Every structure is written in structure tokens, then in C-alpha cells.
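Just so we're aligned: 97 in the working numbering is position 97 of the sequence shown, and the numbers increase by one with no gaps anywhere. All residues carry an ideal CB built from backbone N, CA and C; glycine is no exception. All of these numbers come straight from a predicted model, not from anything done at the bench. A short worksheet on the structure shown next.
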Amino acid sequence: ITVKSSNQDPVTAAREGDNPLKEEPWETTLKTTKIRVQAAEFGGHEVSLWDLLQSRFIPEESREELLELYRAGELSLEQVRTVVSTIVSRAAAARAE
Numbered sequence: 001i002t003v004k005s006s007n008q009d010p011v012t013a014a015r016e017g018d019n020p021l022k023e024e025p026w027e028t029t030l031k032t033t034k035i036r037v038q039a040a041e042f043g044g045h046e047v048s049l050w051d052l053l054q055s056r057f058i059p060e061e062s063r064e065e066l067l068e069l070y071r072a073g074e075l076s077l078e079q080v081r082t083v084v085s086t087i088v089s090r091a092a093a094a095r096a097e
């Protein structure tokens, strides 16, 4: 798994999109931070952390906990990347067996 990070801080990234839904800066950061995923249907493409968190590979309970910890500042973006990539890799490997 290769990680490509957004080079903008969450506040700057949020202002540029000025979405009428007023997306939260942390959500924008997750949507603009890409990971290259070799596993499963992602087949080597870059996928946002947000899309991976919403995928079938991340159980709802885990997704909610990760988002809560990230929003609270208890997990860094790098930690979220690591956890998400590990969960996706393990889930894909388990499905391949």
C-alpha cells in the first residue's frame, strides 16, 4: 500500500471546496488523502481514506470509532492511514482465502 497525502492543512483544503454542505475540515482531509491499495477491487488504484472508511472492508463499529478518535485529535492522520490500510489488507486477504 502506497500513501499519498494531501499537502494542505485541513482548514485550507476545506476553504477551497466551499461546499454548500459545509464539509468539516477533518472530513475534507480524509477525502483528499489518497492511499494506493493493491488489495481487492481497488486493484492498485489510489483511493481516499474516506472512501476506504466507507467501504465494506471497514466494519461500521470500527469506522465510527476511528472517525470519533480522529475528530477528537486522539488519532493522527498517519495513525488513521495505518489502521485503515491494515484493516483493508487483512480483510482482502481473508476474502481471498
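Helix, strand or coil at residue i according to DSSP, with G and I counted as helix
i       : result
Ser-48  : strand
Ile-103 : Because residue 103 is not part of the residues shown, which for the chain are 1 to 97, the question remains open.
Lys-22  : coil
Ala-92  : helix
Ser-76  : coil
Glu-68  : helix
Glu-97  : coil
Whether residue i touches residue j by CB criterion (8 Å)
i       : j      : result
Val-83  : Leu-66 : yes
Arg-71  : Ile-35 : no
Thr-137 : Leu-77 : The chain is shown only over 1 to 97; residue 137 falls outside these bounds and no answer can be derived.
Ala-91  : Phe-57 : yes
Closest residue to residue i among the options (Cα-Cα distance)
i      : options                           : result
Gln-38 : Val-47, Thr-32, Lys-31 and Pro-59 : Val-47
Lys-31 : Glu-97, Gln-79, Leu-52 and Glu-60 : Leu-52
For residue i, the residue or residues it bridges with in DSSP
i      : result
Val-37 : His-45
Cutoff 7 Å; reference residue i; Cβ partners in own chain excluding five residues on either side
i      : result
Leu-98 : Any question about residue 98 goes unanswered here, given that the chain covers just 1 to 97.
Own chain residues within Cβ distance below 8 Å of residue i, not counting five before or after
i      : result
Ser-62 : Ile-87
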